[in-house]
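Numbering (full-length UniProt numbering), first residue to last: 1 to 434.
For glycine and all other residues, C-beta sits at the position ideal for the given N, C-alpha and C.
Note that the structure is a prediction, hence the values are computed from the model and not measured.
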């Protein structure tokens, strides 16, 4: 009975999300409450919801301060010198432009936000693509793959944040073993860019551009704002490096590290109180929306686990799987995450499906953190989905049809998922034999 009730809850939640009948925040809160009452758990629903909120609070804090921290770094123009250097080095060589696109998008995608990544990368590189006649679909493909690696794996990126919140995991324990996979994935994206750029070079050849004087194309592409702090670039770079090193070393909880980094960045770059308030408000909309989503996920996860629905579903799944297949669970999750995250939103997959998979895997002695790592390996395919708002933004920015975008990227997306899955197995982030 509980398994059937849990399955119905997941199906209803998924349907409401995919058909846009309810927003993710509303669906994550209302649907589990309704099903908890139907199941006879009305008297303890409040306690389960509170337990769920406590479970996701560290993840919510991490996400909030990470978005604000990287948002300030972009505002201050930390990446501007790199953008200028890339533009100057690549000039009109399609192969160099493609590789430069990969390096830029990988770096910008560190903030975990697809909209920011696509807007900065397209703003910097699209005029150059148009000027020399390169196919903008190459820019879209490289940007998407970069986002899938950097945002998909980092604990402040959307997919990982959901997986960590849904399973109540420690962000550092999840992330550090994935670092070699992420680095290898980034190298694969650069290699993919090299292949795409080399093919484009054969098609259109090299073009020489004016890289100095008043007609310099770089000046036309770069835009100055009163919020940029070029004189503090090295200070900001040192701050980012310090935060990332401390995160990898586990010196403090990741939420505390980003809180400290954000406060220092705010004081260093914008000492005036009115400008501090302005910069916080500029990023608060995006940050608050995602934080509310995480807290709503806590409601869903708290009720899902508190009512034992997830345990009943997991047991049913375990009963269906041959015991000899148990050790393959992480690999199965990694492979199936490609089609599942394409047809499901991240909310539906990570809050509805992943907890079931994690509890089923626990029956074979597999740590939930491995299921969380495996579940994000299908993100390159997920980002092709029309369910992803930032993907629609990207397609619009390069002025192409979504169907054409999917045809151009499907091969590279699937290959990238398979490559990072293999890297995760080789580096020990996923294990097949405990």
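Short Cβ contact (9 Å threshold) for residue i with residue j
i: residue 144; j: residue 421; result: no
i: residue 129; j: residue 138; result: yes
i: residue 154; j: residue 110; result: yes
i: residue 127; j: residue 429; result: no
i: residue 98; j: residue 194; result: yes
i: residue 366; j: residue 329; result: yes
i: residue 297; j: residue 166; result: yes
i: residue 345; j: residue 32; result: no
i: residue 337; j: residue 378; result: yes
i: residue 376; j: residue 152; result: yes
i: residue 146; j: residue 171; result: no
i: residue 114; j: residue 383; result: yes
i: residue 372; j: residue 174; result: yes
i: residue 10; j: residue 352; result: yes
i: residue 190; j: residue 106; result: yes
i: residue 230; j: residue 80; result: yes
i: residue 52; j: residue 284; result: no
i: residue 400; j: residue 140; result: yes
i: residue 92; j: residue 131; result: yes
i: residue 262; j: residue 72; result: yes
i: residue 28; j: residue 299; result: yes
i: residue 402; j: residue 122; result: no
i: residue 243; j: residue 260; result: yes
Residue i versus the options, residue with shortest Cα-Cα distance
i: residue 108; options: 77, 193, 411 and 21; result: 77
i: residue 133; options: 152, 197 and 282; result: 197
i: residue 398; options: 118, 48, 342 and 352; result: 118
i: residue 6; options: 414, 383 and 307; result: 307
i: residue 156; options: 86, 106, 255 and 94; result: 255
i: residue 150; options: 276, 232 and 181; result: 181
i: residue 37; options: 192, 232, 2 and 142; result: 2
i: residue 333; options: 237, 368 and 73; result: 368
i: residue 70; options: 385, 265 and 347; result: 265
i: residue 201; options: 246, 281 and 96; result: 96
i: residue 312; options: 290, 358 and 276; result: 358
Inter-residue spacing [alpha-carbon to alpha-carbon] between residue i and residue j
i: residue 499; j: residue 303; result: Shown here, the chain extends from 1 to 434; a query on residue 499 therefore has no answer.
i: residue 213; j: residue 293; result: Summary for residue 213: the model assigns pLDDT 49, below 50, so the residue's position carries little reliability; its value from the coordinates is reported in the next sentence. Roughly 49 Å separates the two Cα atoms.
i: residue 215; j: residue 411; result: Residue confidence for residue 215 is low, a pLDDT of 49 falling below 50, so the modelled location carries little weight and cannot support an answer.
i: residue 14; j: residue 267; result: 43 Å
i: residue 279; j: residue 64; result: 14 Å
i: residue 68; j: residue 227; result: 15 Å
i: residue 414; j: residue 274; result: 47 Å
i: residue 269; j: residue 321; result: 56 Å
i: residue 418; j: residue 331; result: 11 Å
i: residue 432; j: residue 335; result: 13 Å
i: residue 360; j: residue 341; result: 19 Å
i: residue 364; j: residue 326; result: 6 Å
i: residue 12; j: residue 406; result: 28 Å
i: residue 8; j: residue 310; result: 12 Å
i: residue 425; j: residue 43; result: 45 Å
i: residue 104; j: residue 55; result: 35 Å
i: residue 404; j: residue 388; result: 16 Å
i: residue 289; j: residue 295; result: 10 Å
i: residue 84; j: residue 90; result: 10 Å
i: residue 316; j: residue 354; result: 15 Å
i: residue 179; j: residue 232; result: 28 Å
i: residue 192; j: residue 423; result: 16 Å
i: residue 148; j: residue 188; result: 12 Å
i: residue 277; j: residue 236; result: 19 Å
Cβ-Cβ separation, residue j to residue i (assumed contact under 8 Å), whole Å
i: residue 416; j: residue 380; result: 4 Å
i: residue 136; j: residue 204; result: Residue 136 to residue 204, Cβ: 13 Å. No contact.
i: residue 17; j: residue 348; result: 5 Å
i: residue 74; j: residue 101; result: That pair is no contact at about 17 Å.
Beta carbon proximity, residue i to chain B, threshold 9 Å
i: residue 39; result: In the structure shown, chain B does not exist; there is a single protein chain.
Distance cut-off 8 Å: residue i Cβ against heavy atoms of the ligand ADP
i: residue 179; result: As for the ligand ADP, it is missing from this structure, which has no ligand bound.
Worksheet item: Does the stretch 56-64 touch the stretch 150-168, meaning 3 or more C-beta pairs lie closer than 8 Å?
Response: yes
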